[in-house]
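Protein chains in written order, with this note's numbering: chain A, 1 to 112; chain B, 113 to 226.
Glycine residues also receive a C-beta, built at the ideal position from the N, C-alpha and C atoms.
Notes for the one structure printed next.
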Amino acid sequence: LAKTTQPISMDSYEGQEVNITCSHNNIATNDYITWYQQFPSQGPRFIIQGYKTKVTNEVASLFIPADRKSSTLSLPRVSLSDTAVYYCLVGGSNQAGTALIFGKGTTLSVSS
Amino acid sequence: DGGITQSPKYLFRKEGQNVTLSCEQNLNHDAMYWYRQDPGQGLRLIYYSQIVNDFQKGDIAEGYSVSREKKESFPLTVTSAQKNPTAFYLCASSMRTPNTGELFFGEGSRLTVL
Numbered sequence: 001l002a003k004t005t006q007p008i009s010m011d012s013y014e015g016q017e018v019n020i021t022c023s024h025n026n027i028a029t030n031d032y033i034t035w036y037q038q039f040p041s042q043g044p045r046f047i048i049q050g051y052k053t054k055v056t057n058e059v060a061s062l063f064i065p066a067d068r069k070s071s072t073l074s075l076p077r078v079s080l081s082d083t084a085v086y087y088c089l090v091g092g093s094n095q096a097g098t099a100l101i102f103g104k105g106t107t108l109s110v111s112s
Numbered sequence: 113d114g115g116i117t118q119s120p121k122y123l124f125r126k127e128g129q130n131v132t133l134s135c136e137q138n139l140n141h142d143a144m145y146w147y148r149q150d151p152g153q154g155l156r157l158i159y160y161s162q163i164v165n166d167f168q169k170g171d172i173a174e175g176y177s178v179s180r181e182k183k184e185s186f187p188l189t190v191t192s193a194q195k196n197p198t199a200f201y202l203c204a205s206s207m208r209t210p211n212t213g214e215l216f217f218g219e220g221s222r223l224t225v226l
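In structure tokens:
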């Protein structure tokens, strides 16, 4: 199972771009990289998912280098409401018995 | 609306009592998961199930039990053997094939042992 490492916390100001990097050195060939956002006392919410190169949706971009040993979640122009914990999840398989293990997450604090 | 429903949202129990947390999904997902979250901590996997009548232990299964008799339901029982059960419990589901790691979470159940 691929283990992930993220910074424990990050601080930013409103309007700035925030990049959160996740390290996953032993990622497997079939693994996808998925990022989640969690607010206090709520379940995590899917943000974005990718396998390689770059993926962009309406809220974020995900950059994955060719070796796939890391990934970077990019949040453009953050606002106060982006203050949350962000988790990087690596896993997924077409085979049965896949356990999806979360890392400790990155607490992002956005100030005005 | 499709989604995952966890109940109860808040639960109190006395030491030595078993308690069962409910998790129901109408997403037609094959796989379901239970995670535990302690204050300021990440999510730790308790049990997961890929298909009906089958489930696997996660990292912290001791003191917990599950069943998967129906595709829609994956209840978690916190037994008296769990030494420190006070925590926030999250249920999730995903497609089994392909299981890319896209999880859908419920809103959680907060258990407090008095």
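Inter-residue spacing [alpha-carbon to alpha-carbon] between residue i and residue j
i	j	result
I27(A)	K126(B)	43 Å
R222(B)	A84(A)	19 Å
G115(B)	E219(B)	10 Å
Q194(B)	Y160(B)	18 Å
Q129(B)	A199(B)	15 Å
P76(A)	V131(B)	43 Å
C203(B)	K121(B)	12 Å
F230(B)	R180(B)	As shown, chain B starts at 113 and ends at 226. That puts residue 230(B) outside it, with no answer to give.
R3(A)	K69(A)	Looking at the sequence provided, one finds Lys at residue 3(A) rather than Arg. Their Cα atoms are separated by approximately 11 Å.
S177(B)	K169(B)	9 Å
Proximity below 9 Å, CB of residue i to CB of residue j
i	j	result
G91(A)	T5(A)	no
G154(B)	G105(A)	yes
L139(B)	W146(B)	no
T53(A)	C88(A)	no
E214(B)	Q137(B)	no
S12(A)	L108(A)	yes
H141(B)	S206(B)	yes
S81(A)	C22(A)	no
L123(B)	T189(B)	no
Q49(A)	L62(A)	yes
R45(A)	F217(B)	yes
Y36(A)	Y86(A)	yes
For residue i, three-class secondary structure by DSSP
i	result
D11(A)	strand
L116(A)	Summary: the structure shown does not reach residue 116(A), with chain A confined to residues 1 through 112, and so no result is reported for it.
Y51(A)	coil
K169(B)	strand
T72(A)	strand
Beta strand (DSSP E) runs contained entirely in the segment 113 to 162 of chain B, provided each spans 3 or more residues:
116 to 119, 122 to 125, 131 to 137, 143 to 149
What residues in the segment 136 to 156 of chain B have a beta carbon less than 9 Å from any beta carbon of chain A?
A143, Y145, Y147, Q149, G152, Q153, G154, L155, R156
Relative to chain B, which residues along the segment 41 to 65 of chain A have a C-beta separation below 9 Å, given in chain order?
S41, Q42, G43, P44, R45, F46, Q49, Y51
Near-chain A residues of the segment 184 to 195 of chain B - C-beta to any C-beta below 9 Å:
none
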